[in-house]
Structure formats: structure tokens, C-alpha cells
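Novice: Have a look at this one.
Protein chains in written order, with this note's numbering: chain A, 3 to 462; chain B, 251 to 682.
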């Protein structure tokens with residue numbers, strides 16, 4: 003059986019399904035191939051279910067700290083199975099939402115494992131899909147610690163950590179990127195004794211150094227143990243515990259026992275067994291190379307999202323998908339600007355950023371104007387009882403270009419978009435200064451940070 | 251309604267074109283696919299065909315008019331059921347029509363939204379005339395003001411032709427800077443020196459010839475390259491004997507297929523493979539960032555009647571020599587005939603220039619931006635070479651790599667030269 007399409011998308015994560023919808027809007031006949039569940043990792047095993055979990059731990063934190071707000075709650079407790087169940091329900095709801103979207107946009111959904119049998123042909127089992135263009139959006143999976151297989155019992159990847167068989171008492175989180183820190187925060191707020199080990203010299207290493215330092219201080223204050231510049235080896239699962247050796251930056255090795263271990267040391271792209279090699283698709287450290295518009299070196303074959311390289315973020319994948327499809331349709335689009343992709347970590351406190359860190363911005367001797375405004379200077383933050391954190395902005399001193407923005411504190415993941423829009427519209431400090439920010443809101447700190455960069459902060 | 255046909259953007263960087271020749275006259279009936287005119291751009295002359303059907307009502311721009319802006323109306327078609335004569339397009343256009351000879355003015359300052367031929371994916375170029383609002387981002391405005399660039403001289407690549415920072419930054423880099431009549435007063439210091447008109451007067455008998463587009467672009471780009479790129483030059487001598495022997499063997503084997511490899515074809519391949527071996531040299535310096543290419547596309551300098559042009563062997567690192575030879579032959583022929591398409595000469599990750607056939611022993615080439623290296627190849631000649639302790643006769647060729655020192659360190663450049671040399675002296679690597 004053979005079908006002809008304008009576009010076949012391999013993988014239905016936030017890159018693939020969004021690309022499929024956009025292509026359908028542009029009048030293409032589209033098929034999407036998925037081996038598991040529509041929505042990919044993001045909806046089913048990533049962004050969304052973890053946000054549901056973190057919402058539970060956040061509310062639990064508020065309940066256990068209710069007295070700070072003049073409220074009394076007696077013997078707060080939780081049922082981990084129900085917390086997990088809610089997270090799965092949320093994922094399930096969104097999964098059926100994507101099904102509905104595919105139907106509404108007349109996208110043919112093909113279930114099964116797809117394989118490129120040509121640059122313009124995908125085979126799924128017996129079915130052969132011919133296409134004018136093919137988008138590879140197969141995503142990525144958790145990277146294993148060498149020699150350590152996650153068993154789902156004591157040693158977990160993000161996927162196990164999302165549906166825990168038991169509540170960890172003493173948890174080791176290996177890796178302090180967004181995923182590691184989010185799970186560390188969740189389990190810590192739920193009462194576990196959490197240790198985070200990071201190989202580099204600071205946690206959240208892609209963030210601005212000020213953010214990393216602030217987060218480390220805050221998480222330690224919350225009761226977490228953070229070990230940076232350290233390596234984990236000899237991770238061995240026993241019957242009731244896991245042993246692991248942590249070698250600190252001075253080379254001192256220490257064997258320790260934990261109830262559970264979460265391995266969150268990065269991802270590997272899903273490039274195997276989809277027929278890339280036979281087509282001679284160019285890759286770089288495992289990731290498919292694209293040209294900023296999604297094109298690979300093979301005509302008719304496109305790659306977007308995690309499989310096409312960092313940053314490994316759902317919204318990057320979606321946007322890359324739209325750029326690719328609009329390019330196919332002959333529309334005039336700009337190439338993906340990776341400097342304009344925001345990054346968010348939904349720990350407590352939250353972290354959000356866009357653009358260059360101060361250190362990156364200063365490279366090459368560029369002159370900067372840096373503003374920083376603390377939550378303690380913001381009325382709304384104090385009223386919320388969330389007076390910890392800051393908003394930092396980095397401008398090019400010569401042009402007033404907003405090079406980067408870095409925020410840590412309550413709700414900053416919802417605030418960052420203001421700066422992202424400012425960047426996209428190429429605002430300078432002047433437009434941001436001239437913008438009226440509602441009072442009382444946390445967003446006022448965004449204004450103040452800009453003012454501070456030019457020594458004009460009003461409330462601090 | 252009459253249909254307005256506008257100057258198409260025949261390449262991504264094209265802002266103006268010369269209407270070289272009309273192939274239709276008023277009253278001619280045309281249908282989709284018929285050729286309307288020849289348009290000369292930066293580097294090539296291209297034929298422009300209509301996708302509309304109708305009767306030619308008005309040739310708005312006189313043949314030979316230079317610097318016609320992309321998007322400006324050049325011709326009006328009368329459609330079937332229309333009997334009344336369309337109103338003239340614009341006064342400026344009529345003024346241009348009235349001039350019987352070549353005129354160096356931009357004839358139509360007004361744009362015609364929606365009239366761009368559908369075959370062109372380019373956005374409608376919003377080039378605002380006086381009094382019109384210029385769409386530009388705040389950052390673009392500020393940087394343009396600081397650089398002394400008039401916004402009206404720019405084409406916006408953002409939504410609805412909005413000028414964004416990238417458009418200002420690429421001004422004078424990729425787009426030809428040709429002052430037009432309307433923008434000339436405002437266009438400023440940032441214009442590359444090569445584009446500056448200098449009055450020439452002399453008593454010595456002489457002929458003055460106006461620069462063609464190709465010569466103008468060459469002048470501008472080379473001035474810019476030499477003025478802005480810190481070049482370093484690394485020279486090596488390469489023994490050619492093994493390569494010549496292999497070439498002889500390959501050519502006798504390939505004769506039946508009608509393929510004949512030149513030394514240059516083999517040097518193209520050697521450079522491409524060496525770039526793959528030393529990826530630090532397969533880069534572009536892009537101000538705030540360094541672009542590393544994962545494919546070696548070699549631009550090869552070809553002397554065409556209208557001037558130097560560099561057609562590209564795309565992915566030369568992964569093409570067999572026979573394919574390179576075939577492509578090179580076809581591209582060189584097209585180049586000499588002025589028929590290269592923009593995608594055939596725009597791009598490339600590194601360049602190769604060979605003056606060996608003119609007996610040049612060695613030379614230093616100017617980098618072709620945004621590339622970061624060019625290999626200059628001299629003549630292969632018999633030289634006395636010390637081999638061990640004996641002096642022997644050997645065929646030797648000198649090659650000089652020019653490197654953009656902002657992007658490439660001397661040691662990395664040297665590694666590339668060593669890799670090229672090794673591939674030429676042990677040429678089996680070229681066919682492996």
C-alpha cells in the first residue's frame with residue numbers, strides 16, 4: 003500500500019505535530035508517524051507531567067508553610083500515588099488534545115515505527131508513505147551514565163522519576179541541568195533528603211553565573227546538599243538501596259548509600275534505525291545538522307527539534323518546525339535565532355532566561371550595561387511572601403541592544419516572555435524604560451532592572 | 251485593471267538591476283512563460299519571463315536603465331477585456347522614459363504592493379520614499395544612525411519589509427551598495443570606498459568606460475575584504491610528480507567515459523578534503539560568532555569576460571574527481587557565457603584561485619568574504635629539489651593560503667596547508 007503526501011513528519015512531539023498543523027494550514031497534505039503516543043516526550047513524559055508534579059509539591063510547600071500566611075493546617079500529608087495519578091491524567095488530557103488537533107487539521111496519523119526508505123519516502127511496517135518533503139523530528143532520550151543502567155526501581159531516568167514506585171527518602175540526583183534541578187526541587191519539597199552532584203563547577207551551568215550561585219545558596223538553605231565539580235561512579239543498585247561513589251573536586255572519593263538515584267546528565271538524539279546512514283545525512287556529535295531553516299544536506303529531508311541539536315527545548319522544536327514548513331512553502335522567514343529562545347526551570351525558586359549570559363556578552367571586550375533588581379525591592383513579591391530572587395538584564399552599552407535577561411524567583415517563567423518579545427522586536431533600553439508596567443506586579447522588577455542598568459532604578 | 255510587472259529580485263541580495271534589453275514591444279501579446287526582458291544583476295544577465303497574460307500596454311522603464319529597484323514597476327500589461335489605457339505609473343517613471351539614452355537614475359521610487367510576481371518568494375521590499383514611514387526596529391534605527399546609514403537605503407527583511415538589525419549590519423557586506431538618485435543624498439560614509447565616484451580628468455588621451463555591475467561588485471567586495479579582514483599568508487611548495495602520474499593513469503582509464511581531469515580539479519578535491527580534516531579552517535567569521543561548516547563547498551575563481559566570478563563546487567569533499575571535473579567544466583563554460591545562476595556562485599565555504607596556467611610562480615589572493623580562506627595556486631614547474639642528500643629535478647608547485655586571522659590561527663592555517671600538501675604529494679587519498 004502506498005500513499006503520497008506533500009509532507010511526512012517522523013515523530014509527533016512538539017516539533018513534529020506543530021509542523022504538521024502549520025503544513026496543513028498552508029494547504030499541504032500531511033501524514034505524521036508516531037511509534038508511541040501523540041505529543042512525544044513533552045506532553046507525555048516531560049514538560050507537562052513534571053509541571054503537574056511540581057504544582058503538587060509547590061502547594062504542599064505552601065500548606066506546610068501556611069503559618070507564614072496566618073493560616074493553620076493540621077498535619078499536612080500527601081498520597082504520592084495520587085500526586086502521580088494527577089500528573090498522568092494531565093498528560094492524558096493533552097495527549098487526546100493533540101489527537102483532536104490532528105483530526106481537525108486533517109493530518110493522517112500513522113502509528114508505528116517509521117523508517118526513511120528514501121529521502122522522500124517513509125516506511126511504516128507494510129505501509130509506504132511517499133512525500134515531497136520529510137521532516138525528521140524523532141527527538142531524544144535520556145543519556146545513560148556509562149556502565150549504569152536505569153532499572154526503574156532504584157536507579158531512575160526522568161521517566162521513572164515521574165511515576166515513582168515509592169517515595170525516595172535519600173535521593174541522589176546526578177546532573178544539575180533543568181531536569182535534574184526540577185526533580186531535586188520536587189522531591190526535596192515532598193520531604194526527601196536530596197543530594198545533587200554536578201560535574202561542572204556550578205549548578206544550572208547554562209545559566210548566568212549569578213543565577214547559578216543564587217540557586218545553589220537557596221537550595222542549600224532549603225536543605226539540599228549540592229556537590230559541584232564532582233563525579234559519580236560505581237552506582238550499584240542493591241535490594242533496599244543504591245550505593246554510589248562521589249569524587250569531589252579535590253579528588254577525594256566517598257562511597258555513600260541512597261534510597262534512589264536519578265540520572266539526569268543530558269540526552270542523546272534518536273537517530274538510530276530510521277535510515278539516516280543510508281541517505282548520508284550529515285550529523286554532528288550525533289545530532290542531524292540543519293541549516294537554520296531545517297534543511298539537512300539531503301534534498302527533501304528536513305530535521306527539527308532535539309534530534310537537530312541544542313537547545314533541547316519543546317518551544318525550540320515547535321518554532322523550528324514552523325520555520326521549516328514555511329520555508330518549504332516558499333514563504334519568507336528568518337532562520338532560527340538561537341539567541342532568542344527562552345529557557346525555563348520550574349524548580350522552587352524558578353529560573354528563566356533568554357539570550358547571552360553576562361560572561362558570554364562580555365566576550366570579545368564588548369562594553370556592557372548590566373542591571374539587577376532584587377525581589378526584596380518589589381511590593382508584590384513581599385506581599386506574596388516570595389521576596390527572594392532577582393532580575394538581571396544585560397545591554398550592549400553602545401547600541402542599547404538587550405543581549406540577555408536572567409531571572410530567578412517566583413513566577414519568573416511567566417515573566418520572561420516580556421523580554422523575549424522585546425528582543426524579537428529589537429527594542430532598546432529606551433522602549434523598555436518607556437513601557438508602563440502594571441502595579442503591583444512582579445513584572446515591575448523587569449522595568450527596574452532595565453532602569454538599574456542605566457543607574458536609574460527607582461525602588462532600590 | 252492593468253497588471254503591473256515589477257523588477258524581480260533574482261537573487262537574495264539583489265536590490266537593483268539593470269534593464270538590459272526589452273524582448274517585447276508595446277502592443278505585443280504575451281502569455282505565461284514568454285520572455286519579457288533581460289535583466290543584468292550584480293553578476294549575471296538573466297532572462298525574465300511573465301507569468302501573466304495580456305497585451306503589453308506600456309514599457310515603463312527604458313532599456314538600458316540602470317539601478318532599477320526591486321519592486322519597481324517596469325512594464326504594464328493590458329488584460330483581455332480592458333480597452334482603456336492605464337494611467338501612467340509615476341511621474342518619475344515617465345521622466346525616465348523620456349530619456350532616450352542610458353540613464354543612471356532610479357526611476358520609480360514608489361513601490362507597488364502586491365504586484366511582485368508570484369514566482370518570487372522575496373518579500374515586497376519596502377523602500378520608502380520621502381515622507382513615507384520607514385518600518386524599522388528601534389535597534390536597527392539606532393545602529394543605522396550610529397553608522398550613518400540612511401534607513402531609506404535599506405531593504406527590510408522583517409515582516410512587511412520591516413528593517414531589522416541584520417539588515418543594517420549586512421549593509422555594505424552582502425548587498426551591493428549602489429547609491430540611487432533618491433537615496434544618494436542620504437547615503438553616507440558607510441558606502442564602501444570602491445563605490446565612491448571620483449571625477450577623473452586628464453590631458454592624456456583616454457577612454458572612460460562606465461563600470462558594469464560585475465566590476466562594481468568586484469571593486470566593492472575586494473576593497474572591503476582587504477580593508478576589514480586581517481589576512482595572513484602561508485606558503486608551501488608541493489611536489490607534483492605523484493599527482494601528475496596518477497592524473498595520467500586516471501585520465502587514460504577515464505578516457506572512454508569522456509572525462510578528463512585537470513590538475514586544478516584534483517587541487518579542488520585536495521582542498522576540500524583538507525578542510526574536512528582541519529575543520530577549524532572551514533569557517534566564517536561573523537562578528538559575534540564563528541560559523542563552522544560541515545561541508546566543503548569550494549568557490550573556484552574563473553576569469554569571465556565581464557570580470558572575475560567564482561562558481562561553486564558544492565560538497566567537493568564528498569564528490570568523486572570525475573564529478574568535480576564535469577561540474578567544473580560546465581560551470582566554467584556558463585561563467586564565461588555570463589549564464590551562471592545566483593545559486594551557482596553565491597555561497598561557498600572556501601575559495602581556490604589558480605594562476606598556474608599563466609606561469610605565475612606564487613601569489614597572495616584576497617579572501618572572498620564571508621569565507622575565511624582562499625588558496626592561491628601557482629604554476630607547476632621543474633625545479634631542482636634536494637631529496638635526501640641529492641639534488642634532483644622534480645615538478646614543484648607553490649601554493650599560498652590566505653586566512654582570515656580573526657577566525658583562524660596561524661597554526662590551524664598551517665595544519666590545513668600541510669593537509670593539502672600531503673594529499674597532493676600522496677594523491678591516492680583523493681580517490682579513496
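Think of the CB as a built atom: it goes at the ideal place given N, C-alpha and C, for glycine as much as any other residue.
Only a predicted model underlies this, so the values are computations on that prediction, with no experimental measurement involved.
Which residues share a DSSP beta bridge with residue 408 of chain A?
Specialist: On the first chain, position 406 is the one that residue 408 of chain A refers to. DSSP lists A/355, A/394 as partners of residue 408 of chain A.
Novice: Comparing alpha-carbon positions, which option in B/618, B/302, B/255, B/592 lies nearest residue 651 of chain B?
Specialist: Taking the second chain and counting its residues from 1, one reaches residue 651 of chain B at position 401. Among B/618, B/302, B/255, B/592, the Cα nearest to that of residue 651 of chain B is on B/618.
Novice: Excluding the five sequence neighbours on either side, which residues of its own chain have a C-beta within less than 6 Å of the C-beta of residue 227 of chain A, listed in chain order?
Specialist: Mapped onto the first chain, residue 227 of chain A falls at position 225. Excluding sequence neighbours, residue 227 of chain A sits near 197.
Novice: With respect to the alpha helix (DSSP H) encompassing residue 18 of chain A, which residues constitute its N-terminal and C-terminal limits?
Specialist: Locating residue 18 of chain A in the first chain gives position 16, where the first residue counts as 1. It spans 18 to 27 - the alpha helix (DSSP H) in which residue 18 of chain A sits, taken as one unbroken run.
Novice: Please list, in chain order, the chain B residues whose beta carbon lies closer than 9 Å to that of residue 403 of chain A.
Specialist: Locating residue 403 of chain A in the first chain gives position 401, counting from the first residue. Neighbours of residue 403 of chain A on chain B, chain order: 389, 392, 393, 415.
Novice: How long is the line joining the alpha carbons of residue 270 of chain B and residue 315 of chain B, rounded to whole angstroms?
Specialist: Translated into positions along the second chain, residue 270 of chain B becomes position 20. Translated into positions along the second chain, residue 315 of chain B becomes position 65. Their backbone Cα atoms lie some 7 Å apart in a straight line.
Novice: Residues of the segment 526 to 555 of chain B with a CB closer than 8 Å to any CB of chain A: list them in chain order, please.
Specialist: 538, 544, 545
Novice: Flag residue 244 of chain B as yes if its beta-carbon sits less than 8 Å from any beta-carbon of chain A, otherwise no.
Specialist: Shown here, chain B extends from 251 to 682; a query on residue 244 of chain B therefore has no answer.
Novice: Determine, for residue 299 of chain A, whether the minimum Cβ-Cβ distance to residues of chain B falls below 8 Å.
Specialist: Here residue 299 of chain A corresponds to residue number 297 of the first chain, with the count starting at 1. By this cut-off, residue 299 of chain A is an interface position.
Novice: According to the neighbour-count rule (16 or more other Cβ atoms, all chains shown, within 10 Å of its Cβ), is residue 338 of chain A buried or exposed?
Specialist: By one-based count along the first chain, residue 338 of chain A stands at place 336. By the Cβ neighbour-count rule, residue 338 of chain A is buried, with 16 or more other Cβ atoms within 10 Å of its own.
Novice: Output needed in chain order: residues of the segment 394 to 408 of chain B with a Cβ under 9 Å from some Cβ in chain A.
Specialist: 396, 407, 408
Novice: Under 7 Å Cβ-Cβ, which residues of chain B neighbour residue 449 of chain A?
Specialist: Mapped onto the first chain, residue 449 of chain A falls at position 447. Neighbours of residue 449 of chain A on chain B: none; closest Cβ ~17 Å, over 7 Å.
Novice: Work out the CA separation of residue 191 of chain A and residue 62 of chain A for me, nearest whole Å.
Specialist: On the first chain, residue 62 of chain A is found 60 positions in, with the first residue counted as 1. On the first chain, residue 191 of chain A is found 189 positions in, with the first residue counted as 1. Using only the alpha carbons, I get a separation of about 8 Å.
Novice: Could you check how far apart the C-beta atoms of residue 601 of chain B and residue 560 of chain B are, in whole angstroms? I think they sit under 8 Å.
Specialist: On the second chain, position 351 is the one that residue 601 of chain B refers to. On the second chain, position 310 is the one that residue 560 of chain B refers to. The Cβ separation is near 6 Å, so the contact holds.
Novice: Rounded to whole angstroms, what is the Cα-Cα separation between residue 418 of chain B and residue 257 of chain B?
Specialist: As a working mapping, residue 418 of chain B is identified with position 168 in the second chain. As a working mapping, residue 257 of chain B is identified with position 7 in the second chain. When rounded, the distance between both Cα atoms is 23 Å.
Novice: Span of the alpha helix (DSSP H) holding residue 259 of chain A?
Specialist: Position 257 of the first chain, counting from 1, holds the residue named residue 259 of chain A. No alpha helix (DSSP H) holds residue 259 of chain A; the beta strand (DSSP E) holding it covers 255 to 260.
Novice: Indicate whether at least one CB of chain B lies closer than 8 Å to the CB of residue 433 of chain A.
Specialist: By one-based count along the first chain, residue 433 of chain A stands at place 431. Taking 8 Å as the CB threshold, residue 433 of chain A lines the interface with chain B.
Novice: Could you check which residue in B/278, B/305, B/325, B/307 has the C-alpha nearest to that of residue 298 of chain B?
Specialist: What you label residue 298 of chain B is simply residue 48 of the second chain in a count that begins at 1. Nearest option by C-alpha distance: B/325.
Novice: Please name the residue, chosen from B/527, B/635, B/252, B/538, that lies closest to residue 303 of chain B on a Cα-to-Cα basis.
Specialist: Start at 1 with the first residue of the second chain, and residue 303 of chain B comes out as number 53. Comparing Cα-Cα distances from residue 303 of chain B to each of B/527, B/635, B/252, B/538, the minimum goes to B/252.
Novice: Take residue 527 of chain B and list the residues in its own chain whose beta-carbon comes closer than 7 Å to its own, dropping the five residues that flank it on each side.
Specialist: For this step, residue 527 of chain B is matched to residue 277 along the second chain. Same-chain partners within the cutoff: 669.
Novice: Could you confirm whether any beta carbon from chain B is found closer than 8 Å to the beta carbon of residue 326 of chain A?
Specialist: The count along the first chain starts at 1 and reaches residue 326 of chain A at position 324. It does not: the Cβ of residue 326 of chain A has no partner Cβ on chain B nearer than 8 Å.
Novice: As a quick exercise: from A/349, A/433, A/233, pick the residue whose alpha carbon is nearest that of residue 221 of chain A.
Specialist: Translated into positions along the first chain, residue 221 of chain A becomes position 219. The option with the nearest alpha carbon to residue 221 of chain A is A/349.
Novice: For a cutoff of 8 Å on Cβ pairs, would you count residue 336 of chain A as touching chain B?
Specialist: Taking the first residue of the first chain as 1, we reach residue 336 of chain A at position 334. Chain B contact via Cβ: present.
Novice: Check whether the Cβ atoms of residue 562 of chain B and residue 594 of chain B lie closer than 8 Å to each other.
Specialist: Taking the second chain and counting its residues from 1, one reaches residue 562 of chain B at position 312. Taking the second chain and counting its residues from 1, one reaches residue 594 of chain B at position 344. Cβ atoms of residue 562 of chain B and residue 594 of chain B: closer than 8 Å.
Novice: Give a yes or no on whether 8 Å exceeds the smallest Cβ distance from residue 355 of chain A to chain B.
Specialist: Position 353 of the first chain, counting from 1, holds the residue named residue 355 of chain A. Among the residues facing chain B, residue 355 of chain A is not included, as its CB has no counterpart in that chain under 8 Å away.
Novice: Helix, strand or coil for residue 46 of chain A per DSSP?
Specialist: Position 44 of the first chain holds residue 46 of chain A. Three-state DSSP puts residue 46 of chain A in a helix.
Novice: Residue 616 of chain B and residue 475 of chain B look like a contact to me (Cβ under 8 Å); what is the Cβ gap, rounded to whole Å?
Specialist: If you number the second chain from 1, residue 616 of chain B lands on position 366. If you number the second chain from 1, residue 475 of chain B lands on position 225. With a contact defined as Cβ atoms closer than 8 Å, residue 616 of chain B and residue 475 of chain B qualify at about 5 Å.
Novice: By how many angstroms is the C-alpha of residue 174 of chain A removed from the C-alpha of residue 81 of chain A?
Specialist: In the first chain, the residue the question calls residue 81 of chain A occupies position 79. In the first chain, the residue the question calls residue 174 of chain A occupies position 172. Their backbone Cα atoms lie some 22 Å apart in a straight line.
Novice: Of the choices B/459, B/327, B/467, B/577, whose alpha-carbon is the least far from that of residue 266 of chain B?
Specialist: Along the second chain, one-based indexing puts residue 266 of chain B at 16. Comparing Cα-Cα distances from residue 266 of chain B to each of B/459, B/327, B/467, B/577, the minimum goes to B/467.
Novice: Any beta carbon of chain A sitting closer than 8 Å to that of residue 365 of chain B?
Specialist: Locating residue 365 of chain B in the second chain gives position 115, counting from the first residue. Low local confidence applies: a pLDDT of 41 at residue 365 of chain B is under 50, so the model's placement there is unreliable, with the coordinate-based value given in what follows. Chain A, which has no Cβ nearer than 8 Å to the Cβ of residue 365 of chain B, makes this no.
Novice: Using a 10 Å radius around the Cβ and a threshold of 16 neighbouring Cβ atoms, would you call residue 79 of chain A buried or exposed?
Specialist: Taking the first chain and counting its residues from 1, the one referred to as residue 79 of chain A is at position 77. Counting C-beta atoms within 10 angstroms of its own C-beta, residue 79 of chain A has fewer than 16 neighbours from the protein chains shown and is therefore classed as exposed.
Novice: Looking at the secondary structure, which residues open and close the beta strand (DSSP E) in which residue 123 of chain A lies?
Specialist: The residue labelled residue 123 of chain A in the question sits at position 121 within the first chain. Here the beta strand (DSSP E) through residue 123 of chain A covers 123 to 126.
Novice: Apart from the five residues on each side of it in sequence, which residues of its chain come closer than 6 Å, Cβ to Cβ, to residue 296 of chain B?
Specialist: For this step, residue 296 of chain B is matched to residue 46 along the second chain. Closer than 6 Å at the Cβ level, and outside the excluded window around residue 296 of chain B, lie 260, 289.
Novice: Is the CB of residue 428 of chain A under 8 Å away from at least one CB in chain B?
Specialist: If you number the first chain from 1, residue 428 of chain A lands on position 426. It does: the Cβ of residue 428 of chain A has a partner Cβ on chain B nearer than 8 Å.
Novice: Any beta-carbon of chain A closer than 8 Å to the one on residue 424 of chain B?
Specialist: Position 174 of the second chain, counted from the first residue, corresponds to residue 424 of chain B. Low local confidence applies: a pLDDT of 42 at residue 424 of chain B is under 50, so the model's placement there is unreliable, with the coordinate-based value given in what follows. Output row for residue 424 of chain B: interface = no.
Novice: Do residue 617 of chain B and the ligand ZN come close, with the Cβ less than 7 Å from some heavy atom?
Specialist: This structure lacks the ligand ZN; in fact it carries no ligand of any kind.
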